[in-house]
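Asks: Right, I'll just put the structure down here and ask away after.
In my numbering, the protein residues as written are 1242 to 1635.
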(Lines of atoms letter the chains of each structure in order from A and count residues from 1; the text may use other names and numbers.)
(Lines give C-alpha, C1' and ligand atoms only; values in the text may rest on other atoms or scores of the structure.)
Protein backbone atom coordinates (compact mmCIF):
# COMPACT_ATOMS: atom_id res chain seq x y z
CA UNK A 1 0.00 0.00 0.00
CA UNK A 2 1.37 3.38 -1.00
CA UNK A 3 0.23 6.87 -0.04
CA UNK A 4 2.31 9.90 -1.11
CA UNK A 5 5.86 9.01 0.00
CA UNK A 6 4.81 6.36 2.54
CA UNK A 7 4.94 2.64 1.77
CA UNK A 8 3.33 -0.21 3.71
CA UNK A 9 4.58 -3.69 2.76
CA UNK A 10 3.04 -6.96 3.94
CA UNK A 11 4.63 -10.41 3.94
CA UNK A 12 4.45 -13.78 5.62
CA UNK A 13 6.06 -13.98 9.04
CA UNK A 14 9.09 -16.03 7.96
CA UNK A 15 12.61 -15.10 6.95
CA UNK A 16 12.29 -16.46 3.40
CA UNK A 17 9.29 -14.25 2.61
CA UNK A 18 10.94 -11.19 4.15
CA UNK A 19 14.15 -11.69 2.14
CA UNK A 20 12.18 -12.07 -1.09
CA UNK A 21 10.20 -8.90 -0.33
CA UNK A 22 13.36 -6.98 0.52
CA UNK A 23 15.03 -8.02 -2.74
CA UNK A 24 12.03 -6.71 -4.70
CA UNK A 25 12.22 -3.45 -2.80
CA UNK A 26 15.95 -3.09 -3.53
CA UNK A 27 15.28 -3.55 -7.26
CA UNK A 28 12.62 -0.85 -7.03
CA UNK A 29 15.09 1.45 -5.26
CA UNK A 30 17.74 0.93 -7.93
CA UNK A 31 15.24 1.63 -10.72
CA UNK A 32 13.61 4.68 -9.12
CA UNK A 33 16.45 6.12 -7.09
CA UNK A 34 14.26 6.21 -3.99
CA UNK A 35 15.82 4.97 -0.74
CA UNK A 36 14.23 4.02 2.56
CA UNK A 37 14.79 6.15 5.64
CA UNK A 38 16.01 3.71 8.30
CA UNK A 39 15.14 6.14 11.11
CA UNK A 40 11.49 6.23 10.04
CA UNK A 41 11.21 2.59 8.95
CA UNK A 42 10.03 -0.11 11.34
CA UNK A 43 8.57 -3.62 11.48
CA UNK A 44 5.28 -4.75 13.01
CA UNK A 45 4.69 -8.42 13.80
CA UNK A 46 1.49 -10.36 14.18
CA UNK A 47 1.48 -13.99 15.28
CA UNK A 48 5.23 -14.45 14.65
CA UNK A 49 7.39 -16.52 17.00
CA UNK A 50 10.09 -14.74 19.02
CA UNK A 51 13.01 -16.57 17.34
CA UNK A 52 11.68 -15.70 13.88
CA UNK A 53 11.32 -12.08 14.92
CA UNK A 54 14.99 -11.88 15.97
CA UNK A 55 16.15 -13.36 12.65
CA UNK A 56 14.02 -10.94 10.64
CA UNK A 57 15.19 -7.90 12.61
CA UNK A 58 18.85 -8.92 12.21
CA UNK A 59 18.37 -9.41 8.47
CA UNK A 60 16.48 -6.14 7.84
CA UNK A 61 18.11 -3.79 10.34
CA UNK A 62 14.81 -2.09 11.15
CA UNK A 63 13.47 -1.34 14.61
CA UNK A 64 10.43 -3.16 15.98
CA UNK A 65 7.24 -1.43 17.10
CA UNK A 66 4.00 -2.70 18.54
CA UNK A 67 0.51 -2.35 17.12
CA UNK A 68 -1.89 -0.69 17.08
CA UNK A 69 -0.15 2.24 15.45
CA UNK A 70 -1.51 5.34 13.76
CA UNK A 71 -1.32 6.08 10.07
CA UNK A 72 -2.78 9.38 8.85
CA UNK A 73 -4.38 9.68 12.27
CA UNK A 74 -6.22 6.34 12.00
CA UNK A 75 -5.27 3.51 14.40
CA UNK A 76 -4.26 0.33 12.54
CA UNK A 77 -4.31 -3.08 14.16
CA UNK A 78 -4.69 -6.77 13.31
CA UNK A 79 -7.55 -6.93 15.83
CA UNK A 80 -10.84 -5.07 16.12
CA UNK A 81 -10.18 -1.70 17.74
CA UNK A 82 -11.88 -0.91 21.00
CA UNK A 83 -13.80 2.29 21.71
CA UNK A 84 -10.93 3.56 23.87
CA UNK A 85 -8.52 3.21 20.94
CA UNK A 86 -10.91 5.13 18.69
CA UNK A 87 -11.46 7.86 21.30
CA UNK A 88 -8.61 10.23 20.21
CA UNK A 89 -9.96 10.27 16.65
CA UNK A 90 -13.54 10.74 17.89
CA UNK A 91 -12.38 13.64 20.06
CA UNK A 92 -10.76 15.34 17.06
CA UNK A 93 -13.90 14.95 14.97
CA UNK A 94 -16.09 16.37 17.75
CA UNK A 95 -13.70 19.31 18.19
CA UNK A 96 -13.89 20.02 14.46
CA UNK A 97 -17.68 19.89 14.47
CA UNK A 98 -17.78 22.19 17.49
CA UNK A 99 -15.69 24.77 15.61
CA UNK A 100 -18.14 24.57 12.69
CA UNK A 101 -21.09 25.28 14.98
CA UNK A 102 -19.34 28.38 16.28
CA UNK A 103 -18.92 29.69 12.72
CA UNK A 104 -22.17 28.49 11.15
CA UNK A 105 -24.64 28.55 14.05
CA UNK A 106 -27.95 30.15 13.14
CA UNK A 107 -29.41 33.21 14.83
CA UNK A 108 -31.39 31.08 17.28
CA UNK A 109 -28.29 29.23 18.43
CA UNK A 110 -26.25 32.41 18.92
CA UNK A 111 -28.87 34.41 20.78
CA UNK A 112 -30.19 31.62 22.97
CA UNK A 113 -26.62 30.69 23.94
CA UNK A 114 -27.17 27.00 23.33
CA UNK A 115 -24.58 24.95 25.29
CA UNK A 116 -21.61 23.78 23.25
CA UNK A 117 -21.67 20.20 24.44
CA UNK A 118 -21.15 16.82 22.86
CA UNK A 119 -24.00 15.29 24.85
CA UNK A 120 -26.51 13.61 22.55
CA UNK A 121 -30.03 14.99 22.93
CA UNK A 122 -33.30 14.03 21.28
CA UNK A 123 -34.12 17.55 20.09
CA UNK A 124 -33.11 17.02 16.48
CA UNK A 125 -35.37 18.89 14.09
CA UNK A 126 -35.92 15.79 11.94
CA UNK A 127 -35.09 12.19 12.83
CA UNK A 128 -31.97 10.88 11.07
CA UNK A 129 -33.84 7.85 9.74
CA UNK A 130 -36.24 10.26 8.05
CA UNK A 131 -33.42 12.37 6.61
CA UNK A 132 -31.95 9.24 4.97
CA UNK A 133 -35.13 8.38 3.07
CA UNK A 134 -35.76 9.39 -0.58
CA UNK A 135 -37.01 12.89 -1.34
CA UNK A 136 -40.36 11.51 -2.50
CA UNK A 137 -41.02 10.21 1.03
CA UNK A 138 -39.97 13.45 2.74
CA UNK A 139 -36.24 12.79 3.24
CA UNK A 140 -33.09 14.35 1.83
CA UNK A 141 -31.87 11.15 0.16
CA UNK A 142 -28.71 10.99 2.28
CA UNK A 143 -27.07 7.59 2.65
CA UNK A 144 -27.70 5.80 5.93
CA UNK A 145 -24.09 4.76 6.56
CA UNK A 146 -25.00 2.32 9.32
CA UNK A 147 -27.37 0.48 6.99
CA UNK A 148 -24.99 0.80 4.03
CA UNK A 149 -22.24 -0.86 6.08
CA UNK A 150 -24.54 -3.80 6.80
CA UNK A 151 -25.40 -4.03 3.11
CA UNK A 152 -21.72 -3.93 2.07
CA UNK A 153 -20.94 -6.81 4.44
CA UNK A 154 -23.95 -8.72 3.07
CA UNK A 155 -22.63 -8.17 -0.46
CA UNK A 156 -19.28 -9.62 0.66
CA UNK A 157 -21.13 -12.61 2.11
CA UNK A 158 -22.90 -13.10 -1.23
CA UNK A 159 -19.56 -12.99 -3.03
CA UNK A 160 -18.26 -15.64 -0.64
CA UNK A 161 -20.99 -18.00 -1.78
CA UNK A 162 -20.92 -17.24 -5.50
CA UNK A 163 -17.41 -16.04 -6.48
CA UNK A 164 -14.93 -18.80 -5.67
CA UNK A 165 -12.19 -17.58 -8.01
CA UNK A 166 -10.81 -14.85 -5.74
CA UNK A 167 -7.84 -15.54 -3.47
CA UNK A 168 -9.44 -14.34 -0.21
CA UNK A 169 -12.57 -16.40 -0.94
CA UNK A 170 -10.47 -19.49 -1.66
CA UNK A 171 -8.71 -19.02 1.67
CA UNK A 172 -11.97 -18.76 3.65
CA UNK A 173 -13.34 -21.83 1.86
CA UNK A 174 -10.15 -23.75 2.59
CA UNK A 175 -9.93 -22.92 6.29
CA UNK A 176 -13.57 -22.52 7.38
CA UNK A 177 -16.19 -23.66 4.86
CA UNK A 178 -14.32 -26.63 3.36
CA UNK A 179 -16.76 -29.13 1.79
CA UNK A 180 -19.92 -27.64 3.35
CA UNK A 181 -22.39 -25.06 2.08
CA UNK A 182 -22.06 -21.51 3.44
CA UNK A 183 -25.59 -21.47 4.86
CA UNK A 184 -25.11 -24.78 6.71
CA UNK A 185 -22.01 -24.10 8.79
CA UNK A 186 -21.88 -22.40 12.17
CA UNK A 187 -19.94 -19.17 12.65
CA UNK A 188 -16.30 -20.14 13.32
CA UNK A 189 -15.38 -18.58 16.66
CA UNK A 190 -11.64 -18.97 16.00
CA UNK A 191 -11.90 -16.75 12.91
CA UNK A 192 -11.10 -13.03 12.95
CA UNK A 193 -13.87 -10.58 13.81
CA UNK A 194 -14.12 -9.52 10.15
CA UNK A 195 -14.71 -13.08 8.96
CA UNK A 196 -17.31 -13.59 11.70
CA UNK A 197 -19.11 -10.42 10.58
CA UNK A 198 -19.26 -11.77 7.03
CA UNK A 199 -20.79 -15.03 8.24
CA UNK A 200 -23.29 -13.13 10.41
CA UNK A 201 -24.43 -11.21 7.31
CA UNK A 202 -26.24 -14.35 6.12
CA UNK A 203 -29.21 -13.18 8.18
CA UNK A 204 -29.26 -9.92 6.19
CA UNK A 205 -29.36 -11.81 2.89
CA UNK A 206 -32.21 -13.97 4.21
CA UNK A 207 -34.32 -10.81 4.71
CA UNK A 208 -34.24 -9.73 1.07
CA UNK A 209 -35.98 -11.12 -1.99
CA UNK A 210 -34.05 -9.92 -5.01
CA UNK A 211 -33.41 -11.74 -8.26
CA UNK A 212 -29.86 -10.85 -9.21
CA UNK A 213 -29.45 -10.50 -12.96
CA UNK A 214 -26.50 -12.11 -14.74
CA UNK A 215 -25.24 -13.54 -11.47
CA UNK A 216 -24.31 -10.08 -10.12
CA UNK A 217 -25.17 -8.66 -6.73
CA UNK A 218 -25.51 -4.89 -6.41
CA UNK A 219 -25.23 -3.07 -3.10
CA UNK A 220 -27.74 -0.46 -4.24
CA UNK A 221 -30.46 -3.09 -4.75
CA UNK A 222 -29.99 -4.55 -1.27
CA UNK A 223 -29.79 -1.10 0.33
CA UNK A 224 -33.10 0.16 -0.99
CA UNK A 225 -34.90 -3.08 -0.13
CA UNK A 226 -33.64 -2.96 3.46
CA UNK A 227 -34.47 0.75 3.62
CA UNK A 228 -38.08 -0.23 3.04
CA UNK A 229 -40.99 1.54 1.42
CA UNK A 230 -42.42 4.65 3.05
CA UNK A 231 -45.53 6.61 2.05
CA UNK A 232 -44.90 9.49 -0.31
CA UNK A 233 -45.46 13.03 0.93
CA UNK A 234 -48.07 15.07 -0.86
CA UNK A 235 -45.69 18.04 -1.30
CA UNK A 236 -42.90 16.11 -3.09
CA UNK A 237 -43.46 18.11 -6.32
CA UNK A 238 -42.16 21.24 -4.57
CA UNK A 239 -38.81 19.54 -3.89
CA UNK A 240 -37.94 17.91 -7.20
CA UNK A 241 -36.15 19.97 -9.88
CA UNK A 242 -36.16 23.07 -7.74
CA UNK A 243 -33.46 25.58 -8.78
CA UNK A 244 -33.50 27.62 -5.57
CA UNK A 245 -30.47 27.98 -3.30
CA UNK A 246 -29.69 24.81 -1.29
CA UNK A 247 -30.30 26.60 2.02
CA UNK A 248 -33.59 27.95 0.69
CA UNK A 249 -34.72 24.44 -0.24
CA UNK A 250 -33.62 23.19 3.18
CA UNK A 251 -35.64 25.84 5.02
CA UNK A 252 -38.63 25.01 2.81
CA UNK A 253 -38.13 21.31 3.61
CA UNK A 254 -38.13 22.04 7.35
CA UNK A 255 -41.17 24.26 6.92
CA UNK A 256 -43.12 21.54 5.08
CA UNK A 257 -42.28 19.11 7.86
CA UNK A 258 -43.41 21.68 10.45
CA UNK A 259 -39.97 21.62 12.11
CA UNK A 260 -38.88 25.26 11.97
CA UNK A 261 -38.05 26.68 15.38
CA UNK A 262 -40.98 29.05 15.55
CA UNK A 263 -41.98 30.70 18.81
CA UNK A 264 -44.69 28.15 19.62
CA UNK A 265 -42.27 25.20 19.28
CA UNK A 266 -39.58 26.92 21.36
CA UNK A 267 -42.16 27.67 24.03
CA UNK A 268 -43.14 23.99 24.10
CA UNK A 269 -39.47 23.17 24.71
CA UNK A 270 -39.47 25.42 27.74
CA UNK A 271 -37.57 28.31 26.09
CA UNK A 272 -38.77 31.75 27.20
CA UNK A 273 -39.56 33.68 24.00
CA UNK A 274 -41.96 36.36 22.84
CA UNK A 275 -44.88 34.49 21.27
CA UNK A 276 -46.05 37.47 19.19
CA UNK A 277 -45.27 37.29 15.47
CA UNK A 278 -42.38 39.67 14.78
CA UNK A 279 -43.53 40.31 11.20
CA UNK A 280 -47.13 41.40 11.71
CA UNK A 281 -47.32 41.94 15.50
CA UNK A 282 -50.93 40.70 15.58
CA UNK A 283 -51.00 36.97 16.42
CA UNK A 284 -48.89 34.29 18.08
CA UNK A 285 -46.12 32.97 15.86
CA UNK A 286 -46.45 29.45 14.47
CA UNK A 287 -45.62 27.75 11.19
CA UNK A 288 -49.24 27.95 10.07
CA UNK A 289 -49.52 31.64 10.91
CA UNK A 290 -46.09 32.68 9.59
CA UNK A 291 -46.66 31.14 6.16
CA UNK A 292 -50.44 31.17 6.01
CA UNK A 293 -52.21 34.16 7.54
CA UNK A 294 -49.38 36.60 8.36
CA UNK A 295 -49.99 40.00 6.72
CA UNK A 296 -46.29 40.44 5.93
CA UNK A 297 -46.08 37.14 4.06
CA UNK A 298 -49.28 37.91 2.17
CA UNK A 299 -47.92 41.31 1.15
CA UNK A 300 -44.69 39.71 -0.08
CA UNK A 301 -46.57 37.15 -2.14
CA UNK A 302 -48.90 39.77 -3.62
CA UNK A 303 -45.90 41.85 -4.72
CA UNK A 304 -44.30 38.81 -6.36
CA UNK A 305 -47.56 37.75 -8.00
CA UNK A 306 -47.87 41.18 -9.60
CA UNK A 307 -44.35 40.65 -10.97
CA UNK A 308 -45.36 37.16 -12.21
CA UNK A 309 -48.55 38.56 -13.78
CA UNK A 310 -50.81 36.38 -11.64
CA UNK A 311 -53.90 36.93 -9.54
CA UNK A 312 -53.42 38.25 -5.98
CA UNK A 313 -52.79 35.91 -3.06
CA UNK A 314 -56.15 34.81 -1.63
CA UNK A 315 -55.24 31.98 0.79
CA UNK A 316 -55.93 32.73 4.46
CA UNK A 317 -54.82 29.48 6.13
CA UNK A 318 -51.83 27.16 5.89
CA UNK A 319 -53.92 24.42 4.26
CA UNK A 320 -55.20 26.77 1.58
CA UNK A 321 -51.71 28.13 1.00
CA UNK A 322 -50.08 24.72 0.50
CA UNK A 323 -52.87 23.53 -1.83
CA UNK A 324 -52.47 26.72 -3.88
CA UNK A 325 -48.70 26.13 -4.06
CA UNK A 326 -49.10 22.49 -5.14
CA UNK A 327 -51.53 23.51 -7.88
CA UNK A 328 -49.17 26.23 -9.12
CA UNK A 329 -46.14 23.90 -9.13
CA UNK A 330 -47.92 21.05 -10.90
CA UNK A 331 -46.66 20.03 -14.33
CA UNK A 332 -43.48 20.51 -16.33
CA UNK A 333 -44.19 23.94 -17.75
CA UNK A 334 -41.66 26.74 -17.40
CA UNK A 335 -44.15 28.63 -15.27
CA UNK A 336 -44.46 25.72 -12.81
CA UNK A 337 -40.67 25.31 -12.61
CA UNK A 338 -40.20 29.02 -11.96
CA UNK A 339 -42.89 28.98 -9.28
CA UNK A 340 -41.12 26.19 -7.34
CA UNK A 341 -37.96 28.28 -7.22
CA UNK A 342 -39.87 31.36 -6.07
CA UNK A 343 -41.76 29.36 -3.46
CA UNK A 344 -38.54 28.07 -1.88
CA UNK A 345 -36.93 31.52 -1.95
CA UNK A 346 -39.99 33.05 -0.29
CA UNK A 347 -39.85 30.42 2.45
CA UNK A 348 -36.23 31.31 3.09
CA UNK A 349 -36.69 35.09 2.82
CA UNK A 350 -39.58 35.13 5.31
CA UNK A 351 -37.62 33.03 7.80
CA UNK A 352 -34.49 35.19 7.48
CA UNK A 353 -36.51 38.40 7.86
CA UNK A 354 -38.18 36.94 10.95
CA UNK A 355 -34.80 36.04 12.46
CA UNK A 356 -33.27 39.44 11.75
CA UNK A 357 -36.16 41.23 13.41
CA UNK A 358 -36.07 38.95 16.46
CA UNK A 359 -32.31 38.70 17.00
CA UNK A 360 -30.80 41.80 15.36
CA UNK A 361 -33.62 44.34 15.56
CA UNK A 362 -33.37 45.24 11.86
CA UNK A 363 -35.96 44.94 9.12
CA UNK A 364 -36.43 45.30 5.37
CA UNK A 365 -39.31 46.55 3.30
CA UNK A 366 -41.45 44.04 1.44
CA UNK A 367 -40.53 45.57 -1.92
CA UNK A 368 -36.80 45.16 -1.29
CA UNK A 369 -37.20 41.50 -0.32
CA UNK A 370 -39.38 40.81 -3.36
CA UNK A 371 -36.86 42.50 -5.66
CA UNK A 372 -34.04 40.39 -4.21
CA UNK A 373 -36.08 37.19 -4.75
CA UNK A 374 -36.74 38.19 -8.35
CA UNK A 375 -33.02 38.76 -8.90
CA UNK A 376 -32.07 35.40 -7.37
CA UNK A 377 -34.63 33.54 -9.49
CA UNK A 378 -33.29 35.21 -12.61
CA UNK A 379 -29.69 34.30 -11.76
CA UNK A 380 -30.35 30.68 -10.77
CA UNK A 381 -32.88 29.80 -13.47
CA UNK A 382 -31.94 27.54 -16.36
CA UNK A 383 -31.80 29.22 -19.81
CA UNK A 384 -35.34 28.22 -20.82
CA UNK A 385 -36.91 29.39 -17.57
CA UNK A 386 -34.71 32.51 -17.43
CA UNK A 387 -36.31 33.84 -20.59
CA UNK A 388 -39.72 33.58 -18.92
CA UNK A 389 -38.48 35.24 -15.70
CA UNK A 390 -36.92 38.08 -17.67
CA UNK A 391 -40.20 38.67 -19.48
CA UNK A 392 -41.73 39.64 -16.13
CA UNK A 393 -40.96 43.29 -15.47
CA UNK A 394 -40.53 44.18 -11.80
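From the three backbone atoms N, C-alpha and C, an ideal C-beta is built for every residue, glycine too.
Under 8 Å, do residue 1439 and residue 1401 count as touching if we go by C-beta distance?
Replies: yes
Asks: State the DSSP-derived secondary structure class of residue 1247, mapped to helix, strand or coil.
Replies: The answer is strand: DSSP assigns residue 1247 an E or B state.
Asks: Tell me whether residue 1311 sits in a helix, a strand or coil according to DSSP, three-state version.
Replies: strand
Asks: Grab me the residues of residue 1476's own chain with a C-beta within less than 6 Å of its C-beta, minus the 5 sequence neighbours each way, in chain order.
Replies: Excluding sequence neighbours, residue 1476 sits near 1497.
Asks: Since I believe residue 1485 is in contact with residue 1566 (beta carbons under 8 Å), could you give me their beta-carbon distance rounded to a whole number of angstroms?
Replies: Actually they are not in contact, since the Cβ atoms of residue 1566 and residue 1485 sit about 13 Å apart, beyond 8 Å.
Asks: Who pairs with residue 1495 in a beta bridge, going by DSSP?
Replies: Answer is none; residue 1495 lacks a bridge partner.
Asks: Quick one: residues in its chain with C-beta nearer than 7 Å to the C-beta of residue 1382, no 5 flanking neighbours on either side, listed in chain order?
Replies: Closer than 7 Å at Cβ, skipping near neighbours: 1375, 1376.
Asks: Can at least three beta-carbon pairs, one atom from the segment 1397–1412 and one from the segment 1430–1445, be found at a separation below 8 Å?
Replies: Put simply, the segment 1397–1412 touches the segment 1430–1445. At least three CB pairs are less than 8 Å apart.
Asks: To the nearest whole angstrom, what separates the beta carbons of residue 1437 and residue 1428, a pair I think is in contact under 8 Å?
Replies: 6 Å
Asks: Check the C-beta distance from residue 1538 over to residue 1591 and give it rounded, since I have them as a contact under 8 Å.
Replies: 5 Å
Asks: Output needed for residue 1249: all residues of its chain with C-beta closer than 8 Å, excluding positions within five of it in sequence on either side, in chain order.
Replies: Around residue 1249: 1242, 1243, 1312.
Asks: Restricting to Cα atoms, I'd like to know which of 1459, 1472, 1368 is closest to residue 1394.
Replies: 1459
Asks: Have a look at residue 1423 and residue 1448 and give me their C-alpha separation to the nearest angstrom.
Replies: 16 Å
Asks: Label residue 1511 either buried or exposed according to how many other C-beta atoms from any shown protein chain fall within 10 Å of its C-beta, with 16 as the threshold for buried.
Replies: So residue 1511 ends up on the exposed side.
Asks: Cutting at 8 Å between CB atoms, please list the residues of its own chain near residue 1305, excluding the five before and the five after it.
Replies: Counting only Cβ-Cβ distances below 8 Å, and skipping sequence neighbours, we find 1283, 1284, 1285, 1286, 1294, 1298.
Asks: When DSSP builds the beta bridges, which residues end up paired with residue 1304?
Replies: 1283
Asks: Between which two residues does the alpha helix (DSSP H) harbouring residue 1419 extend?
Replies: No alpha helix (DSSP H) contains residue 1419, which DSSP labels as neither H nor E.
Asks: If you draw a straight line from the C-alpha of residue 1251 to the C-alpha of residue 1410, how long is it?
Replies: 19 Å
Asks: If distances are taken between C-alpha atoms only, which option among 1268, 1549, 1418, 1606 comes closest to residue 1628?
Replies: 1549
Asks: Along the chain, where does the alpha helix (DSSP H) containing residue 1599 start, and where does it finish?
Replies: 1575–1600
Asks: What separation, rounded to the nearest whole angstrom, lies between the Cα atoms of residue 1469 and residue 1490?
Replies: 25 Å
Asks: With DSSP run on the structure shown, which of helix, strand or coil describes residue 1517?
Replies: strand
Asks: Using 8 Å as the threshold, is the C-beta distance between residue 1260 and residue 1300 below it?
Replies: yes
Asks: Give the range of the alpha helix (DSSP H) segment to which residue 1505 is assigned.
Replies: 1504–1509
Asks: What are the complete alpha helix (DSSP H) segments, minimum 4 residues, inside the segment 1376–1450?
Replies: 1386–1403, 1408–1413, 1434–1441, 1443–1447
Asks: Please state the DSSP three-state secondary structure of residue 1545.
Replies: helix
Asks: Determine the direct distance from the alpha carbon of residue 1569 to that of residue 1577, and round the result to whole angstroms.
Replies: 6 Å
Asks: For residue 1615, which option in 1292, 1380, 1334, 1546 has the closest C-alpha, if you only look at C-alpha atoms?
Replies: 1546
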